[in-house]
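Novice: So the sequence shown is residues 3 to 147, counted in the working numbering.
A virtual CB, placed ideally from N, CA and C, is assigned to each residue, including glycine.
Computed from a predicted structure; not experimentally measured.
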Amino acid sequence: MIRRFGEPPIRGKSYVLRPGSYGILARDNKLLVTMQSKPYVEFQLPGGGIDPGENAIAALHREVREETGWKIGAPRFLGSCRRFVFMPEYEIWAEKLCHIYTARPVVKLSEPTEPFHTAHWMNAEQALALLGNEGDQYFVDKFCF
3 MIRRFGEPPI
13 RGKSYVLRPG
23 SYGILARDNK
33 LLVTMQSKPY
43 VEFQLPGGGI
53 DPGENAIAAL
63 HREVREETGW
73 KIGAPRFLGS
83 CRRFVFMPEY
93 EIWAEKLCHI
103 YTARPVVKLS
113 EPTEPFHTAH
123 WMNAEQALAL
133 LGNEGDQYFV
143 DKFCF
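1. Which of helix, strand or coil does DSSP assign to F45?
2. Counting C-beta neighbours from all protein chains within 10 Å, is the total for T115 16 or more, i.e. buried, or is it exposed?
3. Go ahead and label G137 buried or exposed: buried means 16 or more other beta carbons lie within 10 angstroms of its beta carbon, across all protein chains shown.
4. Roughly how many whole angstroms lie between the Cα atoms of P117 and E91?
5. When we look at the beta-carbon of P107 and count the other beta-carbons within 10 Å, is it buried (16 or more) or exposed?
6. Please specify which runs of the alpha helix (DSSP H), each continuous and at least 4 residues long, are wholly inside the segment 65 to 135, giving them in chain order.
7. If I'm right that C100 touches Y24 with Cβ under 8 Å, what's the distance once you round it to whole angstroms?
8. DSSP on F145, reduced to helix/strand/coil?
9. Alpha carbon to alpha carbon, how far is I155 from R84?
10. Within the same chain, show all residues whose beta-carbon is closer than 7 Å to that of K98, passing over the 5 residues directly before and after it, in chain order.
11. Could you tell me the alpha carbon to alpha carbon distance between K32 and P54, rounded to whole angstroms?
12. Comparing the C-beta of K73 with each C-beta of chain D, is any distance below 8 Å?
13. Using 8 Å for Cβ pairs, my map puts A129 next to V35. What's the rounded Cβ distance?
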């Protein structure tokens, strides 16, 4: 059974399945996270949706590069979780199936290319306090402590 975080699904509501890959990116006792400033401000693990025809590892590499500007190496699967949310940027109700990995930030290639995202380094305690969803917090707590 895959652990669910956040609100339960709303009875009678239709949800679009949205698989995604997300990374806990640790280097020099710091975590690389992203802050999304629109449609609302939220600190998140870098990552996002897996495009059609794309595998989870390829999506992780692409999403981390877009949201942080960093190239990563040595991804390792930690686990999965589900969240039922409204995604205002797409105007859909989604069942997010989140695949969580650890990976090492190798080299900064550029600034983030994803609009409204900025990359931030922080220690694990700061990340736990600032991450905007329980699933991200759970995996950071499980991996970092």
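Specialist: According to the structure data:
1. strand
2. exposed
3. buried
4. Approximately 12 Å between the Cα atoms of the pair.
5. buried
6. 126 to 132
7. 6 Å
8. helix
9. No information on residue 155 is available, as it lies outside the stretch 3 to 147 that the chain covers here.
10. R20, G22, R84, R85, V87
11. 32 Å
12. In the structure shown, chain D does not exist; there is a single protein chain.
13. 6 Å
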